Each structure stands twice: as C-alpha cells, then as structure tokens.
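Colleague: Numbering follows the working numbering, in which position 75 of the sequence shown is assigned residue number 81; successive positions increment by one, without gaps.
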Amino acid sequence: MKITERILSLKDKIIATALYCWEGVWRDPSNTLKVRVIKTLNLCVHTFLDTGLQARASSLVYSTLLAIVPAFALLFAIGRGFGLQNLLSSELYRFFPAQAQAINTAMGFIDSYLAQASQGLFVGIGVAMLLWTLISLLSDIENAFNNLWGIKTGRNFYRKITDYTAICLLVPVLMMCSAGINIFMATFMKSVFGQTMLSPLVNIVLDCAPFLLCCVAFTISFLIIPNTQVRFKYAAIAGFICGIAFQLLQTLFITGQVYVAKYNAIYGSFAFLPLLLIWLQLSWLIILFGCTLTFSLQNIFRYTFTAKISDISPVYMRKLTVVTAAVITTRFVRGLPLCTIGDISADYGLPIRIVRRIVEKLHSAGIIYYVEVKGDARALAPAVELSRFTLGDLLTKMELEGGKDFVPGFSTRYSKVEKIVDTIMKVEVKTASSILLADIIVE
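See the structure below:
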C-alpha cells in the first residue's frame, strides 16, 4: 500500500513540475537562476513549436541548394586571391572523405561558373549574378530571423546590398582562417624560428581556433541579421551554444561518410545526397534555434502571459491596442522621453510580440511615427493632433487599416449585411468620439 502511495505521490509531483515548467513559471515573480533558465527554455520550446521551424529550415535548405555552387564559387574566387585554393580543396576532401567523385564533379561546376562569370560579354554581369544569388539566400535568412523576432519590416534595398555584400565577403575569410590557421602558424614558426613544431599548448589553442571562429560567425549572424537591436551578450551566449552543437554535428557528418561509402556501389553518387540534405536541415535548425535562443534571452522578462497570441480575442486585442496607443500619447503629453517597443513591453507588462504587431499597425495607419534614437532603436511618437484625436478616431483607423474590397462584388451581393455592420460601427465610434485619446492616462 505504501509503495502504491509513493508511486502516486511521485506521479503527482512529476505532473505538477511539468505544469509549472510549461505554464506556471510565468506566474512566478521571483528572479532566481532556476526561474530564468526554465523561462528561457520554455520560451525557446514555445517559439520552436509555434513558428514552424522545421518547415522554415526546409525552405532554407532549398534556397541553400540553389546557392551552393555560387557560394563555393565566391569562396574559391577569394581563396585564389590569397593563394589558398589548394587548402580549400583539401578541406573539402577532408570534410567529404567518401565523396571524391562528387567533389570532382562539383569542382568542375565551380570552375565553369567562374569561367562564365569572368569571360562573358560583360564581366560585371557575371559577378553581379553571383552576388545576387547569395543576396537572395541572405534575404531568405533575414526573413526567417525577423519572423522569429516578430519583425515584419526588413532592411531596405540599399541596406540589403551593403550589409549582405559585407557578409558575403566576411564569411569566406572566416572560413579560410578557420581552415588555414594551423598551416599559417607552422609556416610562421618556420620562417621566424626555423622550426615547424609547435608547443603542445599552442597546438591545443590552434585546435580550438576553428570552434572559436565558428562561435564568432554564429554570434555575428545573430547580432546583425535580424532587423532590430540585439544585445551582444545574448547573441554571444547563443553563438557559443550553437558553435558546440554545430561542431558535434560536423563530427557526426564526417563519421557518417564512412558508413555512406558502402552504399556508393548501389546508389552511386546519389548516396551522398540524402546525407547532405539531412546535414543541411539539422544545420539550419541549429541556426534558427540559436536565433530563437537569442530572442528568448533578450526578452525573457517581457513575457508574463501563458496563453498563445493566436488565441487572443479581437476584443482583448482592441484593449491592448488602446493601452499601447495611450502609453505613447501619455509619455508625449507629459514631456517624458519617448518610449520604444521594448520600453512599452518592459515597463507596462505587455508581451513584446503583441506590442510590436500593434505598433506596426498604428504606424501603417498613420497614428504614430518612428523617431531614430541611439543605436538601431526607434522611439514612438504620435503623428496626429492630440487635441482633436478621439478614441473613436483610433478605433476607426485601426478597423479600416488593411486590404479592402477583397471579395469582388461584396458590397452589391451582401449590401444588407454591410449596412448593419456599418451601423453598429458608427454607433460604437460615436460613443467613443467623446473621449480624447490624450485623456486616457496610463501609469
């Protein structure tokens, strides 16, 4: 009997712990390390499940396959400029030990691509097409990162060209540094000290160098790709974790080549393709998870809700919209410093994703405008005459914002329904028009 009671008690404790980790932790106001870790992991899991990372990673795998030849062409073009083409080739053969034939074929594609880019009618057109293919891939990556951060507006065309071109040139240099640092140090020691042997400590440091450069590459990606202000320490933590995961995946991938080699006699070069697709899928999942982790770490205390955003009712969303607009006007009327989206979320206890969605709609409706402040942050200020702008005006503009006349002939076919809805809306707006938005003070 006692054993049964203990089993039931243990079961109840496990269920209670699971419920606390999944929902109850958001009601816990304590700021302990345990609560921070549970909230971070909870938000990562929720974001991972809610945003469809698997489907997004699959989409990026497809984009990567389209851009893989131009990417290697750019890498080898830069490598040849530094005289490191042989080093890059040897690294490819080391990374794919059982796919010498496939690598030879791929090298032929790369040479043909570079030849076409440099010997065409206009050399600049070939280079432009190469960069454009990579920029398109980076644009897809930025859209995926922005979606995880809940950002709807990406970089403008000019910033895409400048930022993406810089990334396209920086990443190959980091990859070549990662691949050739051991050879460089051996050559340096031989030319300066007349010896090629390095001390054990230096060898350990050099062995860790590829991992550190990988962490740096992830950190830079999480820091600059999202079109928002990302704090460095959170990007660095996510970059370090993703660097470990990626190195482990790379080790498994290289080891897997040995097992794939036995299937080459049956499937030929196609035996390599499934493994490559799996590796790309897992790599993108690691990268997207790192972006999710960065977002979670930076915004962990701006989440105090348990319900899903998609489950919020239109009436409750309208209340949140009024609160957000009132916060912006209250600070403006009182002469306080203009607030950002993060300030509204942190100071007034509102979920940052909902605030960002509301602010973007307020901006598109012409109710607020963005003010550039230090860094990449944007403050919010009213764009309407507050002495005449009523709550009814706010509701009208927000209700009418968006696409109209979606269904052809709707007004004619459903004129009776349209009149009823318009009448209800007018009555509601008339009631709300007696209240100025500036009179709704939010403390």
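We put the CB at the ideal spot given by N, CA and C, even for glycine.
If you're wondering where the values come from, they're calculated on a predicted model, not measured in any experiment.
What is the rounded straight-line gap between the Cα of Ile-374 and the Cα of Ser-36?
Modeller: Taking the straight line joining both Cα atoms gives about 35 Å.
Colleague: What number of angstroms, rounded off, separates the C-alpha of Leu-66 from the C-alpha of Leu-286?
Modeller: Spanning the two alpha carbons is a distance of roughly 9 Å.
Colleague: Which residue from Arg-337, Val-333, Ser-142, Phe-151 puts its Cα closest to that of Gly-296?
Modeller: The residue with the shortest Cα to Cα distance from Gly-296 is Phe-151.
Colleague: Give the DSSP bridge partners of Tyr-375, in chain order.
Modeller: Tyr-375 is bridged to Ala-387.
Colleague: Go ahead and pull the three-state DSSP assignment for Thr-38.
Modeller: Coil, per DSSP.
Colleague: Grab me the residues of Ser-69's own chain with a C-beta within less than 6 Å of its C-beta, minus the 5 sequence neighbours each way, in chain order.
Modeller: Excluding residues within five positions, the ones whose Cβ falls inside 6 Å are Leu-143, Asp-146.
Colleague: Taking the beta carbon of Phe-128 as the centre, do at least 16 other beta carbons fall within 10 Å, making it buried, or is it exposed?
Modeller: Because Phe-128 sits at a pLDDT of 43, beneath the cut-off of 50, its placement in the model cannot be relied upon, and the following sentence gives the value as read from the coordinates. Phe-128 comes out exposed.
Colleague: Can you check whether the CB of Cys-345 is closer than 8 Å to the CB of Ala-385?
Modeller: Contact flag set, yes.
Colleague: Using a threshold of 8 Å, state whether the C-beta atoms of Ser-289 and Leu-255 are closer than that.
Modeller: Taking 8 Å as the Cβ cut-off, Ser-289 and Leu-255 qualify as a contacting pair.
Colleague: If you reduce the DSSP assignment to three classes, tell me which class Leu-442 lands in.
Modeller: Strand at Leu-442.
Colleague: With burial defined as no fewer than 16 other Cβ atoms inside 10 Å of the residue's Cβ, what is the status of Thr-261: buried or exposed?
Modeller: Its Cβ having fewer than 16 others within 10 Å, Thr-261 is exposed.
Colleague: Quick one: Cα of Ile-447 to Cα of Cys-50, how far?
Modeller: Cα to Cα, Ile-447 sits roughly 35 Å from Cys-50.
Colleague: Does DSSP classify Thr-396 as helix, strand or coil?
Modeller: In the structure shown, Thr-396 sits in a strand (DSSP, three-state: E or B).
Colleague: Does the Cβ-Cβ distance between Gly-156 and Arg-359 come in under 8 Å?
Modeller: Result yes, Cβ atoms of Gly-156 and Arg-359 sit closer than 8 Å.
Colleague: If we call anything under 8 Å between Cβ atoms a contact, is Leu-294 one with Ala-63?
Modeller: Against a cut-off of 8 Å, the Cβ pair of Ala-63 and Leu-294 comes out as a contact.
Colleague: Pick from Pro-280, Val-413, Val-222, Ile-441: whose alpha carbon is nearest that of Leu-71?
Modeller: Leu-71 has its Cα closest to that of Pro-280, out of Pro-280, Val-413, Val-222, Ile-441.
Colleague: Below 8 Å on the Cβ atoms is my contact criterion, and I expect Phe-252 with Leu-154 to pass it. Report the Cβ-Cβ distance as a whole number of Å.
Modeller: No, Phe-252 and Leu-154 are not in contact; Cβ-Cβ is about 18 Å, not under 8 Å.
Colleague: Please classify Cys-214 as buried or exposed, where buried requires at least 16 other C-beta atoms within 10 Å of its C-beta.
Modeller: By the 10 Å Cβ count, Cys-214 comes out exposed.
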